[in-house]
Structures are given as C-alpha cells and as structure tokens.
Amino acid sequence: MIVLCSGIINGKAQSLIPMPQSVKEGAGSFTFSAHTVIRADVQDKRAIALLTGQLPFKNKVITDATKTPALIITDRGATALPREGYRLQVTPDSITLVGRDAGLFYGMQTLLQLLPSPTAGTATIPCVSIEDAPRFGYRGLMLDVSRHFFTVSQIKDLLDLMAYYKLNRFHWHLTDDQGWRLEIKSFPELTRVGAWRVPRIDFSGNTLPPQPGEKATDGGFYTQEEVKEVIRYAAARHIEILPEIDVPGHSMAAIASYPWLCVTRNPDINVNPGSSFAKWFPSGGFEMYVDNSLNPIDEKVYQFLDKVFGEVAALFPYPYIHIGGDECYKAFWEKDNSVQQFMQQHHIPNTHALQGYFISRLNKIIQSKNKKMIAWDEIAEGDIKEDIVVMNRFGEKSAVEQIKKGLNIILAPGGNGLYFDYAQSTSEQEPSSHGGDAPAWKAYQYNPEYPALSAPARQHIMGVEACLWTEHIPDISKLQYMLLPRMLALAETGWTSPTNKDYQRFARFALPMQLQRFEKAGMNYRVPPVHDYVDTTINTDTFRFEVTSSPVPNARIYYTLNNRPPGDYDHLYTRPVTITVPKGKTIMLKTIVITPAGRRSIITRTVLDNSDKPKNEH
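Residue numbers for the sequence shown follow our numbering, beginning at 572 and rising by one.
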C-alpha cells in the first residue's frame, strides 16, 4: 500500500488535491498525537481500519463519548449531504468528520492530506471548515494492460493512488491485439495462447512479425480469483472497475487462440508483438497483413461472445461493460464472399453498417447479462438506435452530436490532455510516447461542460476519464512517470467546480507538496521544469531570471549561459539574476531542476536576443 500525506501551507488549505468546494479557515490549530482518541459511530469499520492504517500514530478507536481531544467520525447528519459529499471541521479541541459511504471515505482522504508529518511526536492541523462533494459522478482512469502486463500488486498500488485523489472508476483494458489478460474458463486458449507474444522492444508500424520457431514469452494474465481480489480491494476504496473486452476489431489475441473467430480462419495468425501489423501507402491508406477483426456473420462467434461476456458479467459487479468498438479494420470483410452475400440478403448497405449489426447483437447479449454497454465514439456514428454509453475520445464536436442523439457520454478526449500516453511537453527530451503532447496544464484547464451545450444537455455528461495506453510503457517506473503529475490535474478536473479551480494555486502550492511526497515514497514522476515552455526567444537587452517557487521543495535549479546543457556542476540559482545582453548578441539561458533524490526535469531554453527587433517588456 502506498501511503501519502501532505500539509497546509501558510495556514491555508492550498495543498489539497482536488480542491474542495468550500474551505473556510479558522483561528488556532488542533494538535494530533498518539494520545488523540478516535471516536467512531459509523458502521463502515473497514473505512476506519484503512484510515488508522495510514495515520502516523497508533490511535485508539472508541465508540463512547469522552471529553478527551478526539477525532470524531460520524454519519449523523450525513443524509443531508450531496452524494459522495462530506463535512470536515477542525477546531482547537477536536476534528469532526461527517459522511457516509464514499463521502466518509473521501473526507478521510482530505484529512490525510491536511495532516503534516509529525514533529516531536505531534502533528499540527490549522483550524478549517470544509464542505465538499464532487462535480462529476464518474472520475475515471483507464489502464491498458494488453500492450504491457502489470501485476496485481501494481494494480493495487494504482488503486491506492486513485483513491487518495478521489478517482472512483478504474477502466481495465483487458484485451487487444497484443494480449488477452483475463481468464475465461469456457475458452482456456485465450490465456494459454492469447496472453503471450514474442518479445519486442520497438513499437512502430514496422515491428518485426513473429518469426518461425520464435517463442512467445512476453505477457501474462489474471485468473478470475485474482480479479475478484482486485475488485474487493477497489471496493474498499470506493472504486468500481469497468472491464473492457475489445471487439470486433483489436481482436488478434483472441483470433490467434481460436482462428475460426475471423473470416480468413488463418491458422498462422499470432498475438501481435507490436502496435499493428499494418503497411502505410503513399496515398495515406494502410493495409493489414493479417485479420484482427471478428467474423460478424458467424453464429459461432456470437456463441463465443455470449459465453465470454457471461463470465465477465458474473465476475465484475459494475453495471457497465466496455466493448471497445473502435478502429475496426473491415477490408477482410469486404473481400469475403460469404460476408458480401450476407449483407445482400439482409440489406446491409456497407461494412460500416455491418459493424452496427454486430454491435446491436452484442448489445442484446450484454443486456441479457443485466449489464449496459459502453463503447468508443465509432459506435455512435450513423443512425444509432441502441441504448449505449459513449466514451468520447474525439472531443467537443462529436460530444455535442452524441448528446443530441440522446446518448450519455464519458469524456476522455486526447486533444484536451486526457491521453496520458502522450508526451508531457513538446521537448525531444521527453521519453518515447504514442505521439502528441498533453501537458498537465491542458488536463487541468479542460472544461468538459462545453459552452455549446445547454444545461439539460450537460446532464448527459457522466464524467471524465484519462487513458494510459501502454504501447510505449513497458514497466511500472515509466507508468508512474507518464501518470504523475497529470493524474492530479485529472482529479481536480473531475471533482472541483470551475469557480474553485486555479492553476496558479495548483502549480505553485498544491503540486510541489504532492510531488515531495512522491519523492519521499520513492515513486517516479515527471519533475516540472523551471518554465512551462520548452523553447522561447525573447528580444531584450536585459533579462531578469527569477524563480518565484521551486517545482519540488528542496530541489535545486541550475543554469548555464553558454549553450551547454546544465547539470549539478553549473551555476546554482540562489537569487534573482539580471542578465545583460550586449548589442547585436544573443545569450542562451538553459535551466534544469534536480530533486533531492536526483530526479531531473527536462532542460528549458530561453534565447535572449538583443538585435534590432522590437524589445519585449520584462
């Protein structure tokens, strides 16, 4: 279990993430110590145990009244609070937390963030009154475990991190071309064959296919008992798990296990070792070398889906199942005579409509399991008549169209910073990524409630989600780096009302405190650079180099003025520096942040140009 705490800066709750809806500061403080008694009159003993396990002291839990300085945890009055809401009040004599169910748990997370590290056996919390509840009911994070597998222990650590920042939906992308990760007892080959691929380092359109005799050793899968364990662990943290079984496209791992699932019935198809088996042509199109889409006209395929989704539905208690539905490659359907005859007989005009036929039949299967379907944007194209929730990754234009059709949506647009597999800046120093850039500020400033939507239309927005596709994320260290600190921006976007969001507070006060805790916990994260920009040119004869706050407490900032990359052997920034640029010359200012643990930011570059160009004001 990852245990993190933060504190209040200068007597203000500026370090809380996500920022509560109402914070009122009071006079004085409460001193927390091992002698502080916890008075609990709530039924949720599991939540109390989770809290006491994360407190810095071994506090006694009682149920009777006492005048001893106490942390009072109660559900009295909680029925008047909003869903997932809580009330937290700190006075010099006591701390009172009011809430129930998820609200009680989230109040505990706020308390843990307010509680500083003990000094001389005590921890002082300034007096404050907080009323809080989330903006959206769905606050999600998706992890793709198909491209790279992550262990149960690593999944639990991620769930702890999500819970600490009040995220409540874990979207588990369990199948794709690169691996089938869920045990299905009706079809054991899905994990015996489909969970393993030949190892590859380079993920690109030119990834070398499996060679004859090459062993599939890269992969893994979760047994159903392991999944149940993860579900129980998540439930204790008020996180519901949305499973995704990606069909009809992205199904190469399933087809490698059972070749009869596709129209070509090619027995030589293997689990994909890379991002795709595709060849790009100068015209801009592409051609798949092998079939990765299920056969939409074979009744055996629907019998397969009925059994697979039956086991998934029985395993996961969440009322929704995600079926993917995106990027279905249809060229093999178009070439197959049986498929074309079927389309003519059933008056299906094209293969896009044929996918609609597949989705409609699958939706009936899912409904027969007492579940509801979620799928990506493509299933909402055309004249959709299905009761389906759309997970929107294309942004405002498609979101507005989907809502006009009466569909509920979850917003996860990559263009608004919610694809965490994108780079965190435009710098070439960023590690390999899926393409594009999604800095933390973009996820923070994203407003899911688009201005084009009326108030009634906005009721169709269930919430927000960020996605971690793992083509370029092979291990937990890089996963943490790509996730942090962007996940904190997601947390505030999903929880905090727009009027209470302030990026300057977030970046200057809240984020440094949270990053300091990651540093102490030995977690990997992206160190914010001195400047938000990567490269810029300023026309000036003088420049005042001034840093108002350190991105990470106790980190050091180094700089150079001779175009060399800075390191811990160069100029150490200790105070503002005025740089004079001679007439007709340029000076290159480069900066880097190095944390106490040795983690480094990217290097930013500022070109100071004293030419005849108009001067910038500084």
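Every residue gets a Cβ at the ideal spot worked out from N, C-alpha and C, and that includes glycine.
Applying the criterion that 16 or more other CB atoms from any shown protein chain within 10 Å of the CB defines a buried residue, is Gln1075 buried or exposed? Taking the first residue of the sequence shown as position 1, residue 1075 is located at position 504. Counting the other Cβ atoms within 10 Å of the Cβ of Gln1075 gives fewer than 16, which makes it exposed.
Could you say which of Tyr891, Leu753, Ala994 lies nearest to Leu1050 if we only look at CA atoms? For this step, residue 1050 is matched to residue 479 along the sequence shown. Out of Tyr891, Leu753, Ala994, Ala994 has the C-alpha closest to the C-alpha of Leu1050.
DSSP three-state call for Leu668: helix, strand or coil? Walking along the sequence shown from the start, residue 668 turns up at place 97. Leu668: strand per DSSP, three-state reduction.
Buried or exposed, going by whether 16 or more other CB atoms sit within 10 Å of the CB of Tyr1104? Position 533 of the sequence shown, counted from the start, is the residue given in the question as residue 1104. Counting the other Cβ atoms within 10 Å of the Cβ of Tyr1104 gives fewer than 16, which makes it exposed.
Given that a residue counts as buried once 16 or more other Cβ atoms are within 10 Å of its Cβ, and exposed if not, what is Ala651? Locating residue 651 in the sequence shown gives position 80, counting from the first residue. That one is exposed.
For Leu982 and Tyr891, which I take to be in contact (beta-carbon distance under 8 Å), what is that distance rounded to the nearest angstrom? By one-based count along the sequence shown, residue 982 stands at place 411. By one-based count along the sequence shown, residue 891 stands at place 320. With a Cβ gap of about 16 Å, Leu982 and Tyr891 do not count as contacting.
Which whole runs of the beta strand (DSSP E) in the stretch 964-1014 are 3 residues long or more, in chain order? When DSSP assignments are scanned along the stretch 964-1014, the uninterrupted stretches of beta strand (DSSP E) that are 3 or more residues long and fall wholly within it turn out to be 980-982.
Since Val801 and Ile755 are thought to touch, with beta carbons under 8 Å apart, how far apart are those beta carbons, to the nearest angstrom? Taking the first residue of the sequence shown as position 1, residue 801 is located at position 230. Taking the first residue of the sequence shown as position 1, residue 755 is located at position 184. So it is not a contact: roughly 16 Å between Cβ atoms.
Would you check if the distance between the CB atom of Arg932 and the CB atom of Trp947 is smaller than 8 Å? The residue given as residue 932 occupies position 361 in the sequence shown. The residue given as residue 947 occupies position 376 in the sequence shown. The answer is no: Cβ separation not under 8 Å.
What's the call for Ala1009, buried or exposed, on a 16-neighbour Cβ count within 10 Å? Looking up residue 1009 in the sequence shown gives position 438. Buried.
Could you spell out the range, first to last residue, of the alpha helix (DSSP H) harbouring Asn1095? Stepping through the sequence shown from its first residue, residue 1095 is reached at position 524. Here Asn1095 belongs to no alpha helix (DSSP H), and DSSP marks it neither H nor E.
7 Å CB neighbourhood of Lys942 in its chain, flanking five on each side removed: In the sequence shown, counting from the first residue as 1, residue 942 sits at position 371. In the same chain as Lys942, and ignoring 5 residues on each side of it, the C-beta atoms closer than 7 Å to its own belong to Ala884, Pro890, Tyr891, Ile892, in chain order.
Those residues which DSSP pairs with Trp767 across a bridge: The count along the sequence shown starts at 1 and reaches residue 767 at position 196. When DSSP reads this structure, Trp767 sits in a beta bridge with Gly790.
Do Val1148 and Pro1122 have their C-beta atoms closer together than 8 Å? Taking the first residue of the sequence shown as position 1, residue 1148 is located at position 577. Taking the first residue of the sequence shown as position 1, residue 1122 is located at position 551. At least 8 Å separates the beta-carbon of Val1148 from that of Pro1122.
Output the distance between the C-alpha atoms of Glu815 and Leu1082, rounded to the nearest integer angstrom. Within the sequence shown, residue 815 is the residue found at index 244, counting from 1. Within the sequence shown, residue 1082 is the residue found at index 511, counting from 1. Their Cα atoms are separated by approximately 32 Å.
Beta-carbon proximity list for Val661, same chain, < 6 Å, skipping 5 on both sides: Taking the sequence shown and counting its residues from 1, one reaches residue 661 at position 90. Closer than 6 Å at Cβ, skipping near neighbours: Phe601, Ile696, Cys698, Val699.
Kindly list the residues whose CB is nearer than 8 Å to the CB of Thr681, restricted to its own chain and excluding five residues on each side of it in sequence; keep chain order. As a working note, residue 681 is residue 110 in the sequence shown. Within the same chain, Thr681 has close Cβ partners Leu587, Pro591, Tyr657, Leu659, Ile701, Asp703.
For Gln1085, verify whether its CB is less than 7 Å away from any heavy atom of the ligand COA. Absence of the ligand COA from the depicted structure is noted, as is the absence of any ligand whatsoever, leaving it without description.
Where does Asn1133 sit, in a helix, a strand or coil, going by DSSP? Reading the sequence shown from its first residue, position 562 is the one you call residue 1133. Note: Asn1133 maps to strand in three-state DSSP.
Measure the Cβ-Cβ separation of Phe758 and Tyr829 and say whether it is below 8 Å. Taking the first residue of the sequence shown as 1, we reach residue 758 at position 187. Taking the first residue of the sequence shown as 1, we reach residue 829 at position 258. Pairing Phe758 with Tyr829 gives a Cβ-Cβ distance under 8 Å.
What does the alpha-carbon distance come out to for the pair Asp1106 and Ile955? Residue numbering aside, residue 1106 sits at position 535 when the sequence shown is read from its first letter. Residue numbering aside, residue 955 sits at position 384 when the sequence shown is read from its first letter. If I take the Cα positions, the gap works out to 46 Å.
Is it the case that the Cβ atoms of Met1033 and Ile980 are separated by a distance below 8 Å? Within the sequence shown, residue 1033 is the residue found at index 462, counting from 1. Within the sequence shown, residue 980 is the residue found at index 409, counting from 1. For the pair Met1033 and Ile980, the CB atoms are nearer than the 8 Å cut-off.
If you drop the 5 nearest sequence neighbours on each side, which residues of the same chain put their C-beta closer than 7 Å to that of Asn837? The sequence position of residue 837 within the sequence shown is 266, counting from 1. Closer than 7 Å at Cβ, skipping near neighbours: Pro830, Val861, Asp862.
Quick check: what's the CA-CA separation for Trp751 versus Leu714? In the sequence shown, counting from the first residue as 1, residue 751 sits at position 180. In the sequence shown, counting from the first residue as 1, residue 714 sits at position 143. Roughly 14 Å between the two C-alpha positions.
Nearest candidate by alpha-carbon position, reference His609, set Met914, Phe628, Ala598: Working through the sequence shown from its first residue, we reach residue 609 at position 38. In the sequence on display, residue 609 carries Ile and not His. Ranking Met914, Phe628, Ala598 by Cα distance to Ile609 puts Phe628 first.
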